[in-house]
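Step one of this worksheet: look at the structure below.
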Amino acid sequence: MRCFIAIDIDEQVKTELKELVATLKDSIDARPGDMKWVKVDMIHLTLKFLGDVEDSDVPKICEAAKKVVEKYKHFHVEIAHVGSFGDPPNVIWVGINDGNSNLEKMADELEEQLLKFGIKKEGKKFKPHLTLCRIKSFKVGRKAEETLDDYEDYEGPDMAIESVCVYQSLISESGPEYTLLEKIELK
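According to my numbering, the sequence shown holds residues 119 to 305 in order.
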């Protein structure tokens, strides 16, 4: 079963991101298929992608996640600045400003706990973000790069971090489908 650990975004952030995505879509000239925009209702803040795990390990993985997450008190993060990964960009995202040290610490602790299940650590430092779009075309990536300069100073709403979820992810022709396996509340 393919799984990941993430934080759901609240309705206020979703509303704000819908407006931002609409503006970005209008600003970046692309043919259908050159960019794959994430459905705003599906956007989440991934703490750890687990990949394929044994069904029998899922309860133990949820318990390991619980050990980490339940140590944290509720906190807030600030959604801010639009950026990209890749050169030219192949992913457009919105970053997290205030509060990201808690997210980084939590992600690191999750990685340590999940090593017990053969889930390897990421090869790169965790960068909290919300993925908005995947770019499929080199040419469109270059166009997007120019547009994104106008959004470096984007400031979104604050968001309360109150829980972390373990999800199963099924990939279908209509896109990913997520099934909640466990919701873990912070203190």
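Just so it is clear, CB atoms sit at the ideal spot from N, CA and C, and this is done for glycine as well.
Query: Using only CA atoms, which one of 298, 284, 297 lies nearest to residue 181?; Result: 284
Query: Under three-state DSSP, which class holds residue 140?; Result: helix
Query: Might you give, ordered along the chain, the residues of its own chain that have their beta carbon closer than 6 Å to the beta carbon of residue 222, omitting 5 neighbours on each side?; Result: 244
Query: Residues in the same chain with beta-carbon distance under 6 Å from residue 237, minus the five sequence neighbours each way, listed in chain order, please.; Result: 168
Query: Quick check on DSSP: helix, strand or coil for residue 224?; Result: helix
Query: Whose C-beta lies closer than 7 Å to the C-beta of residue 256 among residues of the same chain, with five residues either side of it excluded?; Result: 206
Query: On the premise that residue 227 lies in contact with residue 186, defined as a C-beta separation below 8 Å, what is that separation, rounded to the nearest angstrom?; Result: 5 Å
Query: If you draw a straight line from the alpha carbon of residue 123 to that of residue 208, how long is it in whole angstroms?; Result: 23 Å
Query: Should residue 179 be flagged as near chain B, meaning a C-beta pair shorter than 8 Å?; Result: Considering every chain present, this structure includes no chain B. It has just one protein chain.
Query: In the DSSP assignment, what residue or residues form a beta bridge with residue 276?; Result: 196
Query: With three or more beta-carbon pairs closer than 8 Å as the criterion, would you say the stretch 144-160 touches the stretch 192-200?; Result: no
Query: Candidates 177, 149, 166: which alpha carbon is nearest residue 229's?; Result: 166
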